[in-house]
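Visitor:
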Amino acid sequence: MRQVREIVRLSLEAGLSTRVVGERVGIGPTTVRDTLKRFGRAGLGPVPEAISDAELEQLLYGVPGVKPGRRKVAEPDWSALPASSSASM
Numbered sequence: 003m004r005q006v007r008e009i010v011r012l013s014l015e016a017g018l019s020t021r022v023v024g025e026r027v028g029i030g031p032t033t034v035r036d037t038l039k040r041f042g043r044a045g046l047g048p049v050p051e052a053i054s055d056a057e058l059e060q061l062l063y064g065v066p067g068v069k070p071g072r073r074k075v076a077e078p079d080w081s082a083l084p085a086s087s088s089a090s091m
């Protein structure tokens, strides 16, 4: 699970650099920067205590498993297509 609360606390409240936050949390500084950008875009101030970690992640990263805009055309239902004989090639 992402450690959004700890990243925000160390970076915004304690004023530590992204490198130091990354070392303390065990992630890279680029991931810290990305998390802080997402947090800023979400328009959140201090992290509300009433919000769960799962809700916080959903606000920042969206619904897991959904990648909108990835395919221009829907992939066909391969199980509904008749089996082709690849041995005849």
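Counting from 1, position 53 in the sequence shown corresponds to residue 55 in this note's numbering; the numbering is continuous, with no gaps.
From the three backbone atoms N, C-alpha and C, an ideal C-beta is built for every residue, glycine too.
Considering only their Cβ atoms, is the gap separating R7 from L83 smaller than 9 angstroms?
Guide: Not in contact: L83 and R7 (Cβ atoms no closer than 9 angstroms).
Visitor: Taking the alpha-carbon of R40 as reference, which of R4, V22, S81 and V75 has the nearest alpha-carbon?
Guide: Nearest C-alpha to R40: R4.
Visitor: Looking at the unbroken alpha helix (DSSP H) that takes in V22, where does it start and where does it end?
Guide: Element bounds for V22: T20 to V27.
Visitor: Could you check the C-alpha separation between R21 and I53 for me, to the nearest Å?
Guide: In a straight line, the C-alpha of R21 is about 27 angstroms away from that of I53.
Visitor: Whole-angstrom Cβ separation of T33 and G24, contact assumed at under 8 angstroms?
Guide: The pair is a contact, with the Cβ atoms about 7 angstroms apart (cut-off 8 angstroms).
Visitor: Assign V34 to one of three DSSP states: helix, strand, or coil.
Guide: In the structure shown, V34 sits in a helix (DSSP, three-state: H, G or I).
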